[in-house]
Amino acid sequence: MKIKGYSTGLYGWQVKYWAEGKEPSMEEIFRECAEAGLDAVEIDPVPETAALARSFGLSVSGSYAGLPLHEPIENLRIEETLLPIARRLAENGGRDLVINADPKGGWDYPLDKTEDEFKRQGDNLTRIALAVNSLGLAVSMHNHAASLHNAEGDLRSVIEYGAREIGLCIDTGWAHIAGCDPIGWIRKYPERVTAFHLRNQTGLVPAEDLAEGDIDMRKLLGVLDVIGFQGWLTLELFHPLETQAKRTLMEDVRRSVEFLKESAE
Numbered sequence: 042m043k044i045k046g047y048s049t050g051l052y053g054w055q056v057k058y059w060a061e062g063k064e065p066s067m068e069e070i071f072r073e074c075a076e077a078g079l080d081a082v083e084i085d086p087v088p089e090t091a092a093l094a095r096s097f098g099l100s101v102s103g104s105y106a107g108l109p110l111h112e113p114i115e116n117l118r119i120e121e122t123l124l125p126i127a128r129r130l131a132e133n134g135g136r137d138l139v140i141n142a143d144p145k146g147g148w149d150y151p152l153d154k155t156e157d158e159f160k161r162q163g164d165n166l167t168r169i170a171l172a173v174n175s176l177g178l179a180v181s182m183h184n185h186a187a188s189l190h191n192a193e194g195d196l197r198s199v200i201e202y203g204a205r206e207i208g209l210c211i212d213t214g215w216a217h218i219a220g221c222d223p224i225g226w227i228r229k230y231p232e233r234v235t236a237f238h239l240r241n242q243t244g245l246v247p248a249e250d251l252a253e254g255d256i257d258m259r260k261l262l263g264v265l266d267v268i269g270f271q272g273w274l275t276l277e278l279f280h281p282l283e284t285q286a287k288r289t290l291m292e293d294v295r296r297s298v299e300f301l302k303e304s305a306e
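For the sequence shown, position 202 (counting from the first letter as 1) is numbered 243 according to my numbering, and the numbering increases by one without interruption.
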């Protein structure tokens, strides 16, 4: 499998600081990312942050933004919320513009979206892809729904209602929580798979690293090899109290990167 390299989202790293009542230190986070063997980070590459990442030898793989895609396009205000991020991403050599389908009703009490809202999500994603077309980015929808109804509907937003250039950023952990099979998604929609957020799960609880948990990550990598995936493998590990982690996040990211490399051979 010929991939671009190994990257990470920053949420898990930030959680560690928030749990201690501290502001996340980007310098410390990027240092630990580099020491863990990562090649890149998924960030909004504002100049100072992008320069800091580069100082540790880290590239920018992509940027992540959450939008209420089920709402009318004018409510998204993409000229203010998304296009500046997309331009910064392109200027810094990034590839993946990952857009989360934010929940209807808010994160604490998400509601079921209607089929018309799933259709609107697909239309909005198509409009976003058109708006950033000249930047050469890969636009994908990130699944974050915890219910089967919304997870499958968000998937339809891309597969049935979105333009062919809209890809899937498959978050393996959230797919599993919703009762979906992330490996099955890859097999069924290989031409739409452009990005990943990789996390294993033990039921509803995030696993400590990628090697252990309910999701067969070796099998997933085997399927990626079959479909010829050539993008970034982006980790999204995090350690809530329920995980009862025995190691630091940096140690588990390093173990996960080593696991991915060994499994891909």
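All C-beta atoms, glycine included, are put in the ideal place defined by N, C-alpha and C.
All values reported here derive from a predicted model rather than from experimental measurement.
For Thr284, same chain residues with a beta-carbon under 8 Å away, outside a window of 5 residues either side, are Val246, Pro247, Ala248 and Glu249 in chain order.
The residue from Ser181, Trp273 and Thr90 with its alpha-carbon nearest to that of Leu108 is Ser181. Judged by beta-carbon spacing, Cys74 lies beyond the 8 Å limit of Val87, meaning their Cβ atoms are not closer than that value. Thr243 sits in a strand when the DSSP states are folded into three classes. Counting along the chain, Thr167 sits inside the alpha helix (DSSP H) bounded by residues Glu156 to Ala172. Assignment of Cys74 by DSSP, reduced to helix, strand and coil, places it in the helix class. The bridge partners DSSP lists for Met182 are Ile140 and Leu209. Restricted to the region 78-150, the beta strand (DSSP E) segments that are unbroken, complete and at least 3 residues in length are 81-83, 100-108 and 137-142, listed in chain order.
Only residues of its own chain outside the window of five on either side were considered, and among them Cys210, Ile211, Asp212, Thr213, Gly272, Trp273, Leu274 and Thr275 have a CB closer than 8 Å to the CB of Phe237, listed in chain order.
Straight through space, the alpha carbons of Phe97 and Glu158 are spaced by roughly 42 Å. Ranking Ala179, Glu201 and Glu156 by CA distance to the CA of Asn191 puts Glu156 first.
Spatial neighbours of Leu123 in its own chain (CB-CB distance under 6 Å, excluding positions within 5 residues in sequence) are listed in chain order as Ala106. Beyond the five residues adjoining it in sequence on each side, Pro65 comes within less than 6 Å, by CB distance, of Gln55 and Tyr58 in the same chain, given in chain order.
Put simply, of Arg128, Asp80 and Leu176 the residue whose alpha carbon is nearest the alpha carbon of Lys302 is Asp80. Look at Ser198 here: in three-state DSSP terms it is helix. Around the C-beta of Arg161, 16 or more other C-beta atoms lie within 10 Å, and the residue is accordingly described as buried. Secondary structure at Leu51: coil, using DSSP grouped into helix, strand and coil. With a cutoff of 8 Å on beta-carbon distance, Leu110 and Ala142 are scored as near each other.
In this structure Asn184 does not touch Leu166 by the C-beta definition: roughly 13 Å separates them, more than the 8 Å allowed.
Ile169 and Val199 have their C-alpha atoms spaced approximately 13 Å apart. Residues of the same chain with a CB within less than 7 Å of the CB of Ala77, apart from the 5 flanking positions on each side, are Met291, Val294, Arg295 and Val298 in chain order. Cα atoms of Ile114 and His217: separation of roughly 29 Å, rounded to the nearest angstrom. In the same chain as Gly203, and ignoring 5 residues on each side of it, the C-beta atoms closer than 7 Å to its own belong to Gly163, Leu166 and Thr167, in chain order.
Rounded to whole angstroms, the Cβ separation of Glu277 and Gly53 is 6 Å, and the two are in contact under 8 Å. Under the three-state reduction of DSSP, Phe237 is assigned to strand. For Thr275, the secondary structure class from DSSP, reduced to helix, strand or coil, is strand.
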